[in-house]
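Undergrad:
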Amino acid sequence: GENVEQHPSTLSVQEGDSAVIKCTYSDSASNYFPWYKQELGKRPQLIIDIRSNVGEKKDQRIAVTLNKTAKHFSLHITETQPEDSAVYFCAAHHTNAGKSTFGDGTTLTVKP
Amino acid sequence: EPEVTQTPSHQVTQMGQEVILRCVPISNHLYFYWYRQILGQKVEFLVSFYNNEISEKSEIFDDQFSVERPDGSNFTLKIRSTKLEDSAMYFCASTRDSNTGELFFGEGSRLTVL
Chain H
3 GENVEQHPST LSVQEGDSAV IKCTYSDSAS NYFPWYKQEL GKRPQLIIDI RSNVGEKKDQ
63 RIAVTLNKTA KHFSLHITET QPEDSAVYFC AAHHTNAGKS TFGDGTTLTV KP
Chain X
100 EPEVTQTPSH QVTQMGQEVI LRCVPISNHL YFYWYRQILG QKVEFLVSFY NNEISEKSEI
160 FDDQFSVERP DGSNFTLKIR STKLEDSAMY FCASTRDSNT GELFFGEGSR LTVL
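Chains as they are written, first to last, in my numbering: chain H, 3 to 114; chain X, 100 to 213.
#1: Residues of chain X with a CB under 7 Å from the CB of H/Phe-104: which are they?
#2: Would the region 67-84 of chain H and the region 99-107 of chain H be scored as touching if the rule is three or more Cβ pairs under 8 Å?
#3: Would X/Ser-154 pass as a contact of X/Tyr-130 if the rule is Cβ separation under 9 Å?
#4: Beta carbon of H/Val-112, beta carbon of H/Ser-11: below 9 Å?
#5: What residues of chain H sit near X/Leu-202, judged by a beta carbon separation below 9 Å?
#6: Taking 8 Å as the threshold, find out whether the region 172-184 of chain X comes into contact with the region 87-101 of chain H through three or more Cβ pairs.
#7: Chain H beta carbons: is any one of them nearer than 9 Å to that of X/Gly-205?
#8: Report the neighbours of H/Asp-51 on chain X: residues whose CB is nearer than 9 Å to its CB, in chain order.
#9: Going by beta-carbon coordinates alone, are H/Phe-75 and H/Ile-49 separated by less than 9 Å?
#10: Give me the chain H residues within the contact set of X/Phe-190, using Cβ-Cβ distance strictly less than 9 Å, ordered along the chain.
#11: What ranges does the alpha helix (DSSP H) occupy inside the region 13-69 of chain H, keeping only unbroken runs of at least 4 residues that lie completely in it?
#12: Could you check the C-alpha separation between H/Asp-86 and X/Glu-206 for me, to the nearest Å?
#13: Thinking C-beta only, is X/His-128 closer than 9 Å to X/Thr-194?
#14: Which chain H residues sit within Cβ distance under 7 Å of X/Ser-197?
#15: Nearer than 8 Å: is that true of the beta carbon of X/Ser-186 relative to any heavy atom of the ligand ADP?
#16: Could you work out which residue in X/Ile-159, X/Trp-133, X/Asp-161 is closest to X/Phe-148 when comparing CA atoms only?
#17: Are X/Val-142 and X/Cys-122 touching if we call contact CB-CB under 9 Å?
#18: Take X/Gln-163 as the anchor and find which of X/Glu-184, X/Leu-213, X/Asn-150 has the nearest alpha-carbon.
#19: Going along chain H, which residues have a C-beta under 9 Å from X/Ser-193?
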């Protein structure tokens with residue numbers, strides 16, 4: 003089955019700095035890669051996603067890159083703000099299996 | 100905006116008791132999921148459900164677990180005989196189709212087994 007590895011497990015940055023979180027996946031048939039943000043006690047919420055036919059996608063301060071050959075994808079947050087502090091999960095979705103496999107999560111802390 | 104709703108938000112039960120967690124997926128969605136998150140850990144896939152049957156399940160989803168869509172709207176997760184290690188947040192999710200992949204999560208049901 004699919005295995006998703008996520009690094010780092012914790013990340014602390016100063017407000018205004020950039021943050022990068024990286025994930026690798028094992029199943030080349032996975033074709034959709036969402037990133038979820040989870041605040042304490044809340045549900046995961048989609049913040050950005052990328053499909054396997056695209057290399058990069060950007061939405062304001064958030065961008066995601068995908069390298070299908072190397073089977074890795076990354077989340078980039080620029081100009082971080084304290085409200086970006088949360089746990090971020092990457093996931094790899096396999097259409098045929100119909101499920102998303104999540105990484106272990108990265109706890110991002112943005113210090114004011 | 101339509102949302103996935105879950106009940107109860109929190110349930111406390113004694114070990115060995117049966118628990119049913121309920122979910123109402125978004126009405127035009129076709130794929131339904133249960134995920135589990137033990138406190139401070141990652142979101143783990145339990146089961147996916149499509150066309151009134153299980154399409155995929157994980158090793159966690161053993162004989163103690165079952166899912167059902169008893170009517171046109173509810174999607175339930177039953178744990179027959181709860182164990183201490185079943186204590187977790189259980190998230191229901193739905194998606195319009197498998198190609199889309201974007202999961203819409205409910206707010207979760209926190210299960211505490213004593």
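Cβ coordinates follow ideal geometry from the N, Cα and C atoms, glycine included. This structure is a prediction, so every number in the text was calculated from the model and none was measured.
TA: On the basis of the supplied data:
#1: Residue mapping note: residue 104 of chain H aligns to position 102 of the first sequence, counting from 1. Simply Lys-141, Val-142.
#2: no
#3: Indexing the second sequence from 1 puts residue 154 of chain X at position 55. Indexing the second sequence from 1 puts residue 130 of chain X at position 31. Yes, the Cβ-Cβ distance between X/Ser-154 and X/Tyr-130 is below 9 Å.
#4: Translated into positions along the first sequence, residue 112 of chain H becomes position 110. Translated into positions along the first sequence, residue 11 of chain H becomes position 9. No, these two residues do not count as a Cβ contact at 9 Å.
#5: On the second sequence, position 103 is the one that residue 202 of chain X refers to. Neighbours of X/Leu-202 on chain H, chain order: Pro-36, Tyr-38, Pro-46, Leu-48, Ala-93, His-95, Ser-102.
#6: no
#7: If you number the second sequence from 1, residue 205 of chain X lands on position 106. Closer than 9 Å: yes.
#8: Here the question's residue 51 of chain H lines up with position 49 in the first sequence. Going along chain X in sequence order, the residues near H/Asp-51 (Cβ under 9 Å) are Gly-200, Glu-201.
#9: Counting from 1 along the first sequence, the entry for residue 75 of chain H is found at position 73. Counting from 1 along the first sequence, the entry for residue 49 of chain H is found at position 47. Not in contact: H/Phe-75 and H/Ile-49 (Cβ atoms no closer than 9 Å).
#10: The residue you call residue 190 of chain X lines up with position 91 of the second sequence. Chain H residues near X/Phe-190: Arg-45, Pro-46.
#11: none
#12: Here residue 86 of chain H is taken as the residue at index 84 of the first sequence, counted from 1. Here residue 206 of chain X is taken as the residue at index 107 of the second sequence, counted from 1. In a straight line, the C-alpha of H/Asp-86 is about 20 Å away from that of X/Glu-206.
#13: Sequence index remark: in the second sequence, residue 194 of chain X carries index 95 (1-based). Sequence index remark: in the second sequence, residue 128 of chain X carries index 29 (1-based). Contact annotation: X/Thr-194 and X/His-128 have beta-carbon atoms nearer than 9 Å.
#14: Taking the first residue of the second sequence as position 1, residue 197 of chain X is located at position 98. In chain order: Thr-97, Gly-100.
#15: Among the components of this structure there are no ligands whatsoever, and the ligand ADP is therefore not found.
#16: Sequence index remark: in the second sequence, residue 148 of chain X carries index 49 (1-based). Looking at the Cα atoms, X/Trp-133 is the closest of the given residues.
#17: Sequence index remark: in the second sequence, residue 142 of chain X carries index 43 (1-based). Sequence index remark: in the second sequence, residue 122 of chain X carries index 23 (1-based). No, the pair does not count as a contact, with Cβ atoms beyond the cut-off.
#18: Position 64 of the second sequence, counted from the first residue, corresponds to residue 163 of chain X. Per the Cα distances, X/Glu-184.
#19: Indexing the second sequence from 1 puts residue 193 of chain X at position 94. Near X/Ser-193 there are no residues of chain H at all, since even the closest Cβ is about 12 Å away, more than 9 Å.
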